[in-house]
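These notes concern the structure reproduced below.
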Amino acid sequence: MHYTYLLINLGVIFFPLVLSFDKKVHFFSKWKFIFPAILITGVVFLIWDILFTKLNVWSFNPDYLVGINLMGLPLEEILFFLTVPYACVFIYECLNVYFPKNNLQKYSLALSNLFLGLCVAMLFFGYNHWYTLINFGFLLIVLAYVEYVNVEFRFMYKFYRAYLVSLIPFYIVNGFLTAIPVVLYNNKENLGFRVGTIPFEDHFYLMGLLLMNVFLYEVFKAKGSKSVA
10 MHYTYLLINL GVIFFPLVLS FDKKVHFFSK WKFIFPAILI TGVVFLIWDI
60 LFTKLNVWSF NPDYLVGINL MGLPLEEILF FLTVPYACVF IYECLNVYFP
110 KNNLQKYSLA LSNLFLGLCV AMLFFGYNHW YTLINFGFLL IVLAYVEYVN
160 VEFRFMYKFY RAYLVSLIPF YIVNGFLTAI PVVLYNNKEN LGFRVGTIPF
210 EDHFYLMGLL LMNVFLYEVF KAKGSKSVA
């Protein structure tokens, strides 16, 4: 069905958008912070996506697309960088509001060091695969910057909790995209290891996408608080 990917996008954002007006979270009042974060991150990932599509790292099954293409990408793929980050940052904010106590705080640095080590290992073993190389290289840079250069505010313990929760809808959504399949991967450009039908790299693609969005979201929120003060 040609509307499959579009319907998946709509399904991803429907409940987060409707629940943005929840009286306790008031996520709609933070749109001025989240949408610039999504826009900046989206530009970076769209350039990445365009490059990977041209390099045949992945491709899109026309049987499940409406047929509208922009910049060489299906419309649905472009919408993906709006719907998924919005839903994930919504999860991040809801968890922070409803569950302010977070025991991951004392483990966040150790987790970051673990993931940084994993990035280095994946770059060593998978440097000859485009998806592995760019994916873990990007995550390494962003994670190292956020954890070791950014000293104004700390949020990684909140990020890791949101990432873990976001893996639940990730397995549902990405499961559909890779099982149908809507998105087709060239296994010559990844490690060839999958969790079900989902490439191993996709888990860390999500981490990098979410981390950049959350970091920018927190930056814009901090600047907004300073301007009000």
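Each residue of the sequence shown is one higher than the last, beginning at 10 in my numbering. Glycine included, each C-beta is placed from N, C-alpha and C at the ideal position. None of these values were measured; they are calculated from a predicted model.
What whole-angstrom Cβ distance do residue i and residue j have, given they're in contact under 8 Å?
i           : j           : result
residue 239 : residue 184 : Outside the displayed range of the chain (10 to 238) lies residue 239, so it cannot be described from this structure.
residue 55  : residue 90  : 6 Å
residue 103 : residue 34  : 6 Å
residue 166 : residue 78  : In fact, because the Cβ distance is near 41 Å, the residues do not count as touching under 8 Å.
residue 30  : residue 37  : 6 Å
Is it the case that the Cβ atoms of residue i and residue j are separated by a distance below 7 Å?
i           : j           : result
residue 147 : residue 227 : no
residue 151 : residue 88  : no
residue 197 : residue 42  : no
residue 21  : residue 96  : yes
residue 58  : residue 82  : yes
residue 116 : residue 223 : no
residue 47  : residue 94  : yes
residue 191 : residue 14  : yes
residue 113 : residue 169 : yes
residue 18  : residue 86  : no
residue 218 : residue 68  : no
residue 162 : residue 215 : no
residue 176 : residue 49  : no
Residues in the same chain with beta-carbon distance under 7 Å from residue i, minus the five sequence neighbours each way, listed in chain order, please.
i           : result
residue 199 : 138, 140, 141, 208 and 210
residue 66  : 139, 140, 195 and 198
residue 131 : 141 and 145
residue 174 : 100 and 104
residue 187 : 206 and 207
So if DSSP puts residue i in a beta bridge, which residue, or which two residues, is it bridged to?
i           : result
residue 204 : 207
residue 78  : 83
Following the continuous beta strand (DSSP E) through residue i, name the residue where it begins and the one where it ends.
i           : result
residue 194 : 192 to 194
residue 69  : 67 to 69
Would you mind reading off the limits of the alpha helix (DSSP H) that contains residue i?
i           : result
residue 109 : Premise fails: residue 109 is in no alpha helix (DSSP H) and is neither H nor E.
residue 58  : 40 to 63
residue 145 : 139 to 153
residue 173 : 165 to 188
residue 28  : That residue, residue 28, is in no alpha helix (DSSP H); it is neither H nor E in DSSP.
residue 122 : 117 to 135
Counting only the same chain and skipping the five closest in sequence on each side, list residues whose C-beta sits under 8 Å from that of residue i.
i           : result
residue 189 : 13, 70 and 73
residue 153 : 125
residue 233 : 41 and 42
residue 64  : 139 and 198
With a CB to CB cut of under 6 Å and the five nearest residues on each side skipped, what residues in its chain are close to residue i?
i           : result
residue 171 : 100, 101 and 104
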